[in-house]
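Participant: If you're matching positions, the sequence shown starts at 199 in the working numbering and goes up one per residue. Just passing along the structure, written as structure tokens.
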Amino acid sequence: MAGRIYAIANQKGGVGKTTTAVNLAACLAEAGERALVIDLDPQANATSGLGERGNGTSSYDLLDGAPLHDLVKRTRFENLDLVPATPELAGAVVELARRDDGERFLAEALARAGESYAFVFVDCPPSLGPLTVNALAASDSVLVPVQAEYYALEGVSQLLRSIELVRARLNPRLTLAGVILTMVDGRTRLAADVGAELRRHFGALVFEAAVPRSIRIAEAPSHGLPVIAYDPRSSGAAAYWKVALELVERERGREAA
């Protein structure tokens with residue numbers, strides 16, 4: 199399978215974007231695929247979630263024209279690399295907005311990333327600003343984590359309009375790879391209702407696998423670990439393995455079509 203770049207995006211915060219990026223990459227790396235996480239969020243949670251610190255070069259330099267191979271850091275996990283973030287990345291928002299070609303920098307930097315990595319995950323900030331637009335312009339597909347709550351549909355609809363604009367203006371190859379339900383509390387009627395509503399609107403784009411609300415998932419980042427390393431037998435780890443396998447199956451189906 200050819201290397202593919204995914205933006206993990208949702209303008210709502212706290213829906214599991216970073217957790218999804220880190221754990222999907224970790225699952226695929228453990229399965230033997232070369233994976234790369236690009237932390238494009240000034241909060242740098244994907245960086246710390248992989249046990250790293252953004253105390254040198256970062257994704258800010260990627261947007262400033264530095265070659266990708268100069269910025270990649272090996273993580274402690276085999277097959278899994280990282281381009282870390284630092285808080286200074288927030289300054290890039292202002293700089294990119296001032297430049298006429300500011301929406302295309304990441305696309306140029308990642309043009310050959312698929313030659314080295316089977317899976318590249320870009321962890322976007324919780325907004326639809328210049329950093330997220332850069333990620334969408336650089337990616338083949340978008341994965342949208344959605345918390346199982348009533349405002350979910352409103353957020354997804356807004357993001358889909360942005361995806362259409364980016365497809366029309368900057369990146370005609372961009373597709374929606376799918377919607378992933380996160381923080382699902384299976385004991386509540388709300389979670390079932392939200393899942394049913396999402397499937398009514400988006401059909402097969404909603405992943406069958408869903409991620410439960412889990413204390414182990416919440417604890418793992420404080421240890422600098424994906425949940426699949428922190429507690430491999432937890433329900434959260436099992437859920438992310440299922441999501442990763444479903445992503446691979448969807449990609450195989452796309453290539454066969």
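Think of the CB as a built atom: it goes at the ideal place given N, C-alpha and C, for glycine as much as any other residue.
(1) Can you check which of these residues, A224, I236, L287 and E293, is closest to L278 by C-alpha distance?
(2) Skipping 5 residues on each side, what residues in its chain have a beta carbon closer than 6 angstroms to that of G201?
(3) Please list the terminal residues of the continuous beta strand (DSSP E) segment that includes R202.
(4) Quick check on G376: does DSSP put it in helix, strand or coil?
(5) DSSP on L368, reduced to helix/strand/coil?
(6) Can you tell me whether P240 is buried or exposed, with buried defined as 16 or more other CB within 10 angstroms of its CB?
(7) S257: which of E453, G289 and A229 sits nearest, CA to CA?
(8) By the DSSP assignment, the beta strand (DSSP E) with P324 in it spans what residues?
(9) Give, in chain order, every unbroken run of the beta strand (DSSP E) that is at least 3 residues long and sits entirely within the region 271-357.
(10) Using the rule of at least 16 other Cβ atoms within 10 Å of the residue's Cβ for burial, across every protein chain shown, is L388 buried or exposed?
(11) Can you tell which of T217, V281, E301 and R452 has the C-alpha that lies nearest to the C-alpha of R365?
Facilitator: Quick look at the numbers:
(1) Check the Cα spacing between L278 and each of A224, I236, L287 and E293: the tightest is with A224.
(2) G312, Y315 and A316
(3) R202 to I206
(4) strand
(5) coil
(6) buried
(7) Nearest C-alpha to S257: G289.
(8) That residue, P324, is in no beta strand (DSSP E); it is neither H nor E in DSSP.
(9) Qualifying beta strand (DSSP E) stretches, in chain order: 278-281, 317-321 and 339-345.
(10) exposed
(11) Residue E301 is the option with its Cα nearest to R365.
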